[in-house]
Every structure is written in C-alpha cells, then in structure tokens.
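Numbering (this note's numbering), first residue to last: 37 to 281.
Only one structure is covered here, and it is reproduced in the block below.
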C-alpha cells in the first residue's frame, strides 16, 4: 500500500462528492433528522428516548454510510472509472484505503453532528462521557463504510446494491438487542447475534448510557466493531473487481 496513492484517491473522491450536494446532505443530515424525529416520536416519554436514542445514534450512521458507499463505489465501476484507475499503478488496497479514508472523514463529521444534536439539542441523557458516545458512533459509521465497499463488489447495478441492505443490515438490526435483550432470544439466534458487529455497537452505546467510566465491556465492544470494519475492508480489497460484467 502506497500512502501517496491512498491520499490521492481520497482527495479525488472528496472532490467528486463536493459536486454532489444531495449525497453530502444524505450522509450528514439524514442521521440528524432521524434522531430528531425519534425524539419527538417519544415526546411524551423522554425516558424511552434516552434508552433507545443512544443505540440508534450508532445505527443510523451505519445504515446511511452503507447505502451511500455501496452505491458510490458501484457507480465508479459501472462508469468505467474503476477500470481506468486500476490500469494505472494503483493497487486494490490503495483504492479501497483511499475510499475508506474519504468516506471516513465524512463519517467523522456525520457522527459529530448526530451526537451533538442528540446530546445538546435533544437532551439525550447519558451517564458516561459524550466522547465515548461519539467514538462508538464513528466506529459504526466506519463499519457501514466498510460494509458498503465490500458488498458493492457483488452488485451489478445500483438497484442490486440497495437490495443488499435487507440481507446485510436488517438481520443485524433485528438481532442486535435493540428490540429485546439478546439473552432472552432463542439460543440459536442469541449465538448468531454474538457474531454480528452491530450487536457490539449497541452494547457499546449501552455501556456509555449506564456507566460513568469506560468499562472493560466497552473496550471489548469498540475493539470488535473496529476489528470487523478492518476485516471487511481487507475482504473488500480482495474481492474488488475492475468492472461489472
């Protein structure tokens, strides 16, 4: 992997996104709008918003970054841009790392906006540090970016990229412990949830929600989410194709 090529790829992606305000608005504003909508859905019971708001603060950025990244990467392939880039002295790892860096920078802004809105405008109450909440939200957004880059290799059209969402995101959403504690699920489903990264993202948010200090469980959850994001990026580089048949 060459650092200069990675930075050049990231700069190119950011320049392209600068001319696409709708995509930028989708990435930066949709999680803020969703968390705001959730706050007023539970307007009569602030305690409910406090209990689920922290978890969804990590889930919304993950879903948004997954959609945007998978479609943007696929568009590069179907337009022939990816094939021309890989014909240059640019490795697959350089390309994936450059995309991850560009979308990762946007994920930082996205997570910061959503966290600040939830804590200081919508009065989300957490026991732990807001910085830990931001850290988990950022890791979730990076995980969504990695998953989007990975699944884009298996889609032949933007419509197919969107179709991966029910297969990749929805099962994790149902099994992550958001709707019911994971230890009350059927044993096979509980075992499956233990293998899904979104479960650890929700657990990490709940650790910040309930504990004043950083716990060992929080460190475990953060490392699992970060490790899964890194693993998926490596798989994305290995499965990257020059073009869509």
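From the three backbone atoms N, C-alpha and C, an ideal C-beta is built for every residue, glycine too.
Judged by their CB atoms, residue 231 and residue 175 are not nearer to each other than the 8 angstroms cut-off. A straight-line Cα-Cα distance of about 27 angstroms links residue 205 and residue 161. The count of Cβ pairs closer than 8 angstroms, one atom from the stretch 213 to 223 and one from the stretch 186 to 205, stays below three, leaving the stretches out of contact.
Annotation note: the stretch 156 to 185 contains no uninterrupted alpha helix (DSSP H) run of length 4 or greater.
Between the stretch 151 to 165 and the stretch 239 to 251 there are three or more inter-stretch CB-CB distances shorter than 8 angstroms, so the stretches are counted as touching. Taken in chain order, the whole alpha helix (DSSP H) runs of length 4 or more contained in the stretch 189 to 268 are 194 to 204, 206 to 211, 223 to 229 and 233 to 246. In this structure, the beta-carbon distance from residue 178 to residue 143 falls below 8 angstroms.
Within the stretch 73 to 149, the runs of alpha helix (DSSP H) at least 4 residues long that lie entirely inside it are, in chain order, 82 to 114 and 117 to 122. The beta-carbon separation of residue 151 and residue 173, rounded to 5 angstroms, stays under the 8 angstroms limit for a contact. Of the other Cβ atoms in all chains shown, fewer than 16 fall within 10 Å of the Cβ of residue 249; this residue is therefore exposed. Contact annotation: the stretch 95 to 104 touches the stretch 58 to 75, with at least three C-beta pairs closer than 8 angstroms. Cβ neighbours of residue 130 within its own chain (closer than 7 angstroms, five residues either side excluded): 37, 38, 41, 42 and 45. A direct Cα-Cα distance of roughly 9 angstroms separates residue 67 from residue 99.
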